[in-house]
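Residue numbers (our numbering), protein chains in the order written: chain D, 1 to 395; chain L, 1 to 395; chain F, 1 to 125; chain B, 1 to 125.
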Amino acid sequence: MKRKIYLDNAATTSVDKDVTEAMLPYFSGTFGNPNSLHFFGREAAKAVTAARDNIAAMLGCKPTEIYFTSGGTEADNWAIKGIYNANKDKGNHIITSKIEHKAVIASCKRLEKDGAKITYLDVDKYGIVDLEQLKKSITEGTLLVSVMTANNEVGSLQPIKEIAQICAERKVLFHTDAVQAIGTVDINVKRDNIDMLSLSAHKFYGPKGIGALYIKNGIKNDRYISGGSQERGMRGGTTNVPLIVGMNVAMEKAIRDMDINNKKLSYLRDMLIKRIESEIPDAFLNGHRERRLANNANFSFKYIEGESLILMLDMQGIAVSSGSACTSGSLESSHVLSAMNVPAEITQSATRFSFGKDSNEQDIDYIIENLKNNVTTLRAMSPLFAQQKGEPINV
Amino acid sequence: MKRKIYLDNAATTSVDKDVTEAMLPYFSGTFGNPNSLHFFGREAAKAVTAARDNIAAMLGCKPTEIYFTSGGTEADNWAIKGIYNANKDKGNHIITSKIEHKAVIASCKRLEKDGAKITYLDVDKYGIVDLEQLKKSITEGTLLVSVMTANNEVGSLQPIKEIAQICAERKVLFHTDAVQAIGTVDINVKRDNIDMLSLSAHKFYGPKGIGALYIKNGIKNDRYISGGSQERGMRGGTTNVPLIVGMNVAMEKAIRDMDINNKKLSYLRDMLIKRIESEIPDAFLNGHRERRLANNANFSFKYIEGESLILMLDMQGIAVSSGSACTSGSLESSHVLSAMNVPAEITQSATRFSFGKDSNEQDIDYIIENLKNNVTTLRAMSPLFAQQKGEPINV
Amino acid sequence: MYNDKVMENFKNPQNVGEIENPDGVGRVGNASCGDIMEIYLKIDDDIITDAKFKTFGCAAAIASSSMATQLIKGKSIDEAIKITNKQVIEELEGLPPKKIHCSVLAEEAIKLAIENYKSKKASNI
Amino acid sequence: MYNDKVMENFKNPQNVGEIENPDGVGRVGNASCGDIMEIYLKIDDDIITDAKFKTFGCAAAIASSSMATQLIKGKSIDEAIKITNKQVIEELEGLPPKKIHCSVLAEEAIKLAIENYKSKKASNI
Ligand SMILES: Cc1ncc(COP(=O)(O)O)c(C=O)c1O
Ligand SMILES: Cc1ncc(COP(=O)(O)O)c(C=O)c1O
Chain D
1 MKRKIYLDNA ATTSVDKDVT EAMLPYFSGT FGNPNSLHFF GREAAKAVTA
51 ARDNIAAMLG CKPTEIYFTS GGTEADNWAI KGIYNANKDK GNHIITSKIE
101 HKAVIASCKR LEKDGAKITY LDVDKYGIVD LEQLKKSITE GTLLVSVMTA
151 NNEVGSLQPI KEIAQICAER KVLFHTDAVQ AIGTVDINVK RDNIDMLSLS
201 AHKFYGPKGI GALYIKNGIK NDRYISGGSQ ERGMRGGTTN VPLIVGMNVA
251 MEKAIRDMDI NNKKLSYLRD MLIKRIESEI PDAFLNGHRE RRLANNANFS
301 FKYIEGESLI LMLDMQGIAV SSGSACTSGS LESSHVLSAM NVPAEITQSA
351 TRFSFGKDSN EQDIDYIIEN LKNNVTTLRA MSPLFAQQKG EPINV
Chain L
1 MKRKIYLDNA ATTSVDKDVT EAMLPYFSGT FGNPNSLHFF GREAAKAVTA
51 ARDNIAAMLG CKPTEIYFTS GGTEADNWAI KGIYNANKDK GNHIITSKIE
101 HKAVIASCKR LEKDGAKITY LDVDKYGIVD LEQLKKSITE GTLLVSVMTA
151 NNEVGSLQPI KEIAQICAER KVLFHTDAVQ AIGTVDINVK RDNIDMLSLS
201 AHKFYGPKGI GALYIKNGIK NDRYISGGSQ ERGMRGGTTN VPLIVGMNVA
251 MEKAIRDMDI NNKKLSYLRD MLIKRIESEI PDAFLNGHRE RRLANNANFS
301 FKYIEGESLI LMLDMQGIAV SSGSACTSGS LESSHVLSAM NVPAEITQSA
351 TRFSFGKDSN EQDIDYIIEN LKNNVTTLRA MSPLFAQQKG EPINV
Chain F
1 MYNDKVMENF KNPQNVGEIE NPDGVGRVGN ASCGDIMEIY LKIDDDIITD
51 AKFKTFGCAA AIASSSMATQ LIKGKSIDEA IKITNKQVIE ELEGLPPKKI
101 HCSVLAEEAI KLAIENYKSK KASNI
Chain B
1 MYNDKVMENF KNPQNVGEIE NPDGVGRVGN ASCGDIMEIY LKIDDDIITD
51 AKFKTFGCAA AIASSSMATQ LIKGKSIDEA IKITNKQVIE ELEGLPPKKI
101 HCSVLAEEAI KLAIENYKSK KASNI
């Protein structure tokens with residue numbers, strides 16, 4: 001079989017074997033509805049309680065502050081739309097950043113239709129939000145600041161502790177989308193003064209379709225998915241027992257092994273960065289050199305277009321993405337790179353390499369070798385590259 | 001081990017072994033994000049396309065009319081809130097029934113806060129909606145009629161074809177919550193003139209946390225979960241590949257074996273009904289005798305309270321529920337039974353027996369035996385029963 | 001949902017039944033709110049020598065009745081009338097928050113039964 | 001996303017490169033919208049004897065360039081100028097809806113190259 005190297009762990013991860021094992025008994029066997037009084041229901045409820053307690057402990061909050069959702073997107077929608085709808089009598093202003101995930105940006109855009117005023121904070125050329133602008137943007141009517149912990153495209157880490165501090169001083173709620181950060185960034189919501197946080201299991205070797213929103217007790221938030229008494233009446237829908245159990249096991253492992261994993265991931269990341277920069281001319285690192293996720297390297301290769309490069313790498317068994325999986329089906333170029341003022345002609349080739357637990361050093365050799373060849377081939381085909389070399393265009 | 005009889009299949013079902021088998025390769029192995037361009041993504045996307053095509057075919061609609069959701073509750077929220085939000089310039093009136101699932105009722109209640117006018121249709125004593133009242137309720141400003149295909153507590157089947165017909169004539173959209181019906185009731189959305197339909201996998205031996213909303217092409221609906229380009233831009237969130245694959249396999253089996261399953265289920269149901277009625281005095285069947293789900297029997301046992309009966313049965317290994325799992329954690333008595341005008345003192349003991357594919361005739365003997373004993377024990381303890389027998393109360 | 005002590009008192013409730021010619025009876029609750037409790041007392045020289053109950057209600061109501069009747073047996077009516085729902089809950093090692101009212105019913109039924117006894121005694125004098 | 005025929009033309013694109021002293025050149029697109037295509041023609045007696053391309057763009061753009069240059073080779077300029085993006089798509093056995101514009105670029109580049117040839121020829125007379 002052809003060699004397969006998966007370098008798209010920012011898009012989604014493979015479910016860990018221990019996680020699958022942990023879920024299996026809850027598909028059949030202990031499959032009850034935790035709301036049911038009987039044995040099957042009680043056993044299921046016990047498993048959910050145990051998972052909730054443990055996840056809360058890992059985040060530094062109370063179990064009653066954890067609300068399970070169908071993933072990061074739902075958690076983001078709930079955080080933003082819920083706060084707006086529950087508090088619009090007090091104001092209609094929300095502050096977020098230009099580099100948020102689509103789940104946050106699209107929720108904000110949707111609220112604009114309902115009369116919300118949204119400030120989209122700028123970022124510097126490394127993709128890090130501007131704290132001074134944040135301070136200036138907060139007004140009387142500001143309900144919420146939502147800034148992600150780590151960006152999914154360029155991996156830039158945001159100064160969330162400082163943001164939380166500013167929000168606490170100005171008595172504005174602070175939500176952070178930590179979907180990319182759980183298992184890579186050390187987070188404790190109490191210590192870090194975070195009011196709301198979104199997470200999603202499939203980014204840390206858990207299953208797709210399960211996540212959580214942490215909402216600090218005492219915050220007035222609307223329900224988002226109306227229904228039965230689940231999640232203390234705040235989120236209807238039959239409790240997803242197997243996936244919650246799976247998420248807990250995945251998070252447990254991810255947080256337990258965080259330091260050692262980060263060491264390995266950042267070693268590989270830095271090796272890839274160094275080799276690309278020394279071996280491929282006109283390759284530019286997108287994002288910040290230090291303040292970035294341990295597993296993320298994002299490069300632009302001048303004179304070529306990203307999709308072709310990605311498909312060529314794919315033919316060689318190397319799975320990478322352009323910006324983000326959410327937009328890769330679309331023609332738009334990355335809103336993150338344009339917020340960073342990356343020149344249009346090099347945003348086209350932005351390629352994200354996101355390492356995972358199966359990545360290793362030998363992969364890097366193979367990647368570099370193929371990357372070099374592909375870049376050469378595509379540049380040979382590129383009219384822009386010819387131009388740059390000074391070849392005249394005979395028009 | 002003690003005998004265990006699961007008779008709560010209306011609350012949730014055990015995941016079929018074939019379904020679990022089908023999902024496993026998609027947790028690890030083919031675990032990619034279907035939005036990714038590379039091999040892992042394309043393989044995942046193929047599986048989702050195949051599942052979507054097949055589910056659409058089974059429902060009698062086009063693949064582009066299927067939107068995957070996190071379950072029945074989200075589908076109901078989307079159908080109701082989405083239609084309202086997308087069309088509120090044209091009207092603010094929605095018609096539903098008094099016996100809908102909480103997902104529908106709570107969505108309607110939520111919209112009332114935003115200015116919607118909701119008509120909650122009455123039902124007769126068998127739990128079947130009043131078509132004359134429906135006709136009279138439709139006005140100029142009516143956007144949507146939402147009536148469930150089958151009720152989850154008393155199993156009553158609603159006249160959805162007639163309702164669809166009325167809606168078509170009056171040019172009002174018709175949504176049906178078919179969560180309890182898929183695999184038991186023959187549905188074809190084109191033939192039956194249905195505009196929107198909600199379904200949820202965990203009611204037909206699929207996994208929890210996955211469902212779908214069918215929306216007929218051309219209907220103007222709002223997004224509900226904002227985000228990326230998934231589900232043709234209408235529902236953000238990383239596509240839940242394994243659960244979609246699982247739902248498809250479960251639905252395939254449920255629909256393929258529907259007739260034979262229904263024969264067996266209704267045989268068991270009718271046997272239980274007959275034996276309870278002949279062997280336990282003062283037991284009343286809730287719902288309609290014929291127009292009910294093949295697997296549902298719901299009984300009230302006069303003079304006793306339901307929770308005690310359910311816990312006693314549970315001690316004997318028999319898992320049943322009062323009304324619905326969503327309310328069983330709460331003190332409220334069933335909104336369905338009160339809409340049916342079931343007298344308050346017998347709604348307390350309403351007990352739902354919902355059969356499933358593992359049920360068999362021997363179970364019935366065991367259930368009847370224990371039911372008789374428990375009812376006798378609880379009646380002996382009940383001051384109401386003493387009263388009824390004419391024993392004087394010495395106060 | 002319920003702890004072992006509650007379940008024990010539900011599975012094997014103590015003092016179920018009625019007392020013929022009781023010295024005091026207390027009845028509380030109504031069917032439509034879900035619980036009815038009746039407590040019957042046999043009282044000798046202001047000491048509760050026997051207590052029985054009949055209850056229509058959930059497991060918590062049955063367990064509370066069972067526990068309350070156990071608590072008051074052998075006690076003087078002055079002691080028994082001071083028993084609170086808190087004590088019933090404590091002896092049951094806790095009840096779910098939604099079920100606290102069941103212990104309140106038990107407290108009330110005892111009080112009513114003792115008052116019934118007192119008023120009968122008063123009218124006998 | 002792409003069918004086998006498209007992938008084949010992407011993996012092994014035909015006619016990549018430039019022609020020295022071409023008789024006609026067409027250039028379309030710009031980098032910020034994602035695609036640039038250049039087509040070079042060698043024309044003898046109004047017959048296209050050689051065609052080459054350079055493309056900055058996605059797989060569909062490269063495959064369209066490859067297919068378009070194959071299509072026009074050996075054709076007269078009158079035939080070649082009539083080639084439409086539909087034909088390019090047909091020969092590629094389909095393109096995803098979002099990628100149709102790539103075939104349009106190919107059609108336009110051919111037309112421009114032929115016009116470039118014609119205008120050069122006119123000015124040489
Ligand atoms: C009729 C009906 N509608 C909606 C739902 C909600 O479905 P889900 O649990 O998948 O959210 C249920 C079951 O819980 C139901 O029985
Ligand atoms: C930063 C960020 N937020 C939110 C999401 C959405 O999470 P989910 O796919 O679980 O809906 C993702 C990934 O898709 C993400 O990377």
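Built from N, CA and C at the ideal position, the CB exists for glycine as well.
Please read all numbers here as calculations on a predicted model, not as lab measurements.
**Prompt:** Thinking C-alpha only, which one of D:225, D:234, D:130 and D:383 is nearest residue 219 of chain D?
**Reply:** D:234
**Asked** What are the start and end residues of each continuous alpha helix (DSSP H) run of 4 or more residues lying completely inside the stretch 148 to 216 of chain L, in chain order?
**Response** 160 to 170
**Prompt:** According to a CB-to-CB cut-off of less than 7 Å, which residues of the stretch 49 to 60 of chain B neighbour chain D?
**Reply:** 54, 55, 56, 57, 58 and 59
**Prompt:** Are any of the Cβ atoms in chain D nearer than 8 Å to that of residue 94 of chain B?
**Reply:** no
**Asked** Are the stretch 197 to 206 of chain D and the stretch 9 to 23 of chain D touching by the rule of at least three beta carbon pairs closer than 8 Å?
**Response** yes
**Asked** Is residue 325 of chain L helix, strand or coil when you go by DSSP?
**Response** Here the model assigns residue 325 of chain L a pLDDT of 47, short of 50, so the residue's position is not dependable, and the following value carries that caveat. Residue 325 of chain L falls in the coil class under three-state DSSP.
**Item:** Span separating the alpha-carbon of residue 168 of chain L from that of residue 135 of chain L
**Value:** 12 Å
**Item:** residue 241 of chain D and residue 34 of chain D closer than 8 Å at C-beta
**Value:** For residue 241 of chain D and residue 34 of chain D, yes; Cβs fall inside 8 Å.
**Item:** 8 Å Cβ shell around residue 110 of chain L - same chain, five flanking residues per side excluded
**Value:** Once the five neighbours on either side are set aside, the close Cβ partners of residue 110 of chain L are 81.
**Asked** Would a check of beta-carbon distances place residue 242 of chain L closer than 8 Å to chain D?
**Response** yes
**Message:** Assuming the contact rule is C-beta atoms closer than 8 Å, residue 283 of chain L and residue 353 of chain L should be a hit. Round their C-beta distance to whole Å, please.
**Reply:** About 12 Å; that fails the 8 Å criterion.
**Message:** For a test of your reading of the model: does the CB of residue 13 of chain L fall under 7 Å from any non-hydrogen atom of ligand 1? Yes or no.
**Reply:** no
**Prompt:** Given that residue 238 of chain D touches chain L, what residues does it touch there, using C-beta distances under 7 Å?
**Reply:** 12, 71, 202 and 208
**Message:** For residue 238 of chain D and residue 19 of chain F, what's the separation of their Cα atoms in angstroms?
**Reply:** 47 Å
**Request:** Using a Cβ-Cβ cut-off of 8 Å, state whether residue 286 of chain L counts as contacting chain D.
**Result:** no
**Residues near residue 347 of chain D in its chain [Cβ-Cβ closer than 8 Å; skip 5 each side]** = 300, 333, 334, 337 and 338
**Assigned secondary structure, residue 330 of chain D (DSSP; H/G/I helix, E/B strand, else coil)** = Here residue 330 of chain D scores only 44 on pLDDT, less than 50, and its place in the model is too uncertain to base an answer on.
**Request:** With a cut-off of 5 Å, give the chain-ordered residues whose Cβ is closer than this to any heavy atom of ligand 1.
**Result:** D:237, D:238, L:71, L:72, L:73, L:101, L:103, L:152, L:177, L:179, L:180 and L:200
**Message:** Rounded to whole angstroms, what is the Cα-Cα separation between residue 229 of chain D and residue 77 of chain D?
**Reply:** 20 Å
**Prompt:** CB of residue 202 of chain D to nearest heavy atom of ligand 2: below 7 Å?
**Reply:** yes
**Prompt:** Which bits of chain E does residue 62 of chain F rub up against, with CB to CB less than 8 Å?
**Reply:** The chain inventory of the structure shown lacks chain E, comprising the protein chains D, L, F and B.
**Prompt:** With which residues is residue 66 of chain D paired in a DSSP beta bridge?
**Reply:** D:214
**Asked** Any beta-carbon of chain L closer than 8 Å to the one on residue 20 of chain D?
**Response** yes
**Message:** Let me see if you follow: with CB-CB separation under 8 Å, is residue 6 of chain D close to chain L or not?
**Reply:** Yes, residue 6 of chain D lies at the interface with chain L (some Cβ there is under 8 Å from its Cβ).
**Request:** Tell me where the beta strand (DSSP E) around residue 366 of chain L begins and ends.
**Result:** Not the beta strand (DSSP E): residue 366 of chain L falls in the alpha helix (DSSP H), residues 361 to 381.
**Message:** I need the straight-line Cα distance from residue 68 of chain L to residue 195 of chain L, nearest angstrom please.
**Reply:** 16 Å
**Asked** Alpha carbon to alpha carbon, what distance is there between residue 104 of chain L and residue 112 of chain L?
**Response** 12 Å
**Asked** For residue 110 of chain F and chain L, any beta-carbon pair shorter than 8 Å?
**Response** no
**Request:** With a 10 Å radius around its C-beta and 16 neighbouring C-beta atoms as the bar for buried, classify residue 153 of chain D as buried or exposed.
**Result:** buried
**Request:** Ignoring anything shorter than 3 residues or poking outside the stretch 97 to 158 of chain D, list the beta strand (DSSP E) runs there in chain order.
**Result:** 117 to 121 and 142 to 146
**Prompt:** Run through DSSP, which three-state label would residue 9 of chain D get?
**Reply:** coil
**Request:** Please say whether residue 70 of chain L and residue 209 of chain D have beta carbons closer to each other than 8 Å?
**Result:** yes
**Request:** Flag this pair as yes or no: are the beta carbons of residue 294 of chain D and residue 322 of chain D separated by less than 8 Å?
**Result:** No, they are not a contact pair.
**Item:** Under 9 Å by beta carbon: chain D residues contacting residue 42 of chain B
**Value:** Per Cβ cutoff of 9 Å: no residues; residue 42 of chain B is ~12 Å from chain D at best.
**Item:** At least three beta-carbon pairs within less than 8 Å, the stretch 63 to 81 of chain F to the stretch 9 to 25 of chain B
**Value:** Short answer: they don't touch.
**Asked** What residue range is occupied by the uninterrupted beta strand (DSSP E) comprising residue 37 of chain B?
**Response** 35 to 44
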